[in-house]
Amino acid sequence: KELPYLKLEEGSKEYEYLHARRKALHGYTPQRLPNFTQELIVPELEEFKPLLEEQKRDISSTMAFVRALNVLLKNKNIGKNIVPIIADEARTFGMEGLFRQIGIYNPHGQNYTPQDRDIVSYYKEATSGQVL
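Position one of the sequence shown corresponds to residue 231 (the numbering used here), numbered consecutively onward.
Right under this line is the structure:
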């Protein structure tokens with residue numbers, strides 16, 4: 231059986247609410263508005279020089295990515311705008327340094343003592359963390 235489209239009665243509370251929300255969000259289709267978009271200053275290629283030089287030994291593409299990500303995260307102009315979303319396998323990929331460097335986002339902070347607190351790259355959660 232086909233369900234009919236929901237058509238709200240014009241002037242109803244629901245109709246007015248939905249249209250008010252659309253107006254507050256600047257229209258019915260998503261868009262990037264200049265007032266809400268800051269210009270990002272991309273790092274100079276020079277900052278990536280250690281990654282572009284010949285390596286003493288072969289490295290995986292994942293390791294190259296993690297190194298490039300670290301350069302971006304440490305950059306004062308763009309670093310705060312990067313939110314790495316990584317799987318539970320972060321340690322396998324060599325990304326454990328991010329836990330301590332920028333922290334794992336938790337809106338409540340860290341409310342427990344991590345099991346790995348004695349190692350350099352312990353699991354650090356913070357309200358200011360960036361990793362998801």
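Glycine residues also receive a C-beta, built at the ideal position from the N, C-alpha and C atoms.
None of the values given here were measured: they were computed from a predicted structure.
According to the DSSP assignment, L248 belongs to the alpha helix (DSSP H) that extends over 243-254. Per DSSP, R297 is one residue of the alpha helix (DSSP H) stretching across 291-304.
In the DSSP assignment, L282 falls within the alpha helix (DSSP H) that extends over 279-282. P344 and Y335 do not touch by the CB rule: their CB atoms are close to 15 Å apart, not below 8 Å. In its own chain, leaving out the 5 sequence neighbours on each side, no residue places its CB closer than 6 Å to the CB of Q268. For R330, the enclosing alpha helix (DSSP H) covers residues 327-331. Between F323 and T292 a beta carbon distance of about 5 Å is seen, short of the 8 Å cut, so the two are scored as contacting.
In the three-state scheme derived from DSSP, where H, G and I count as helix and E and B as strand, A317 is classed as coil.
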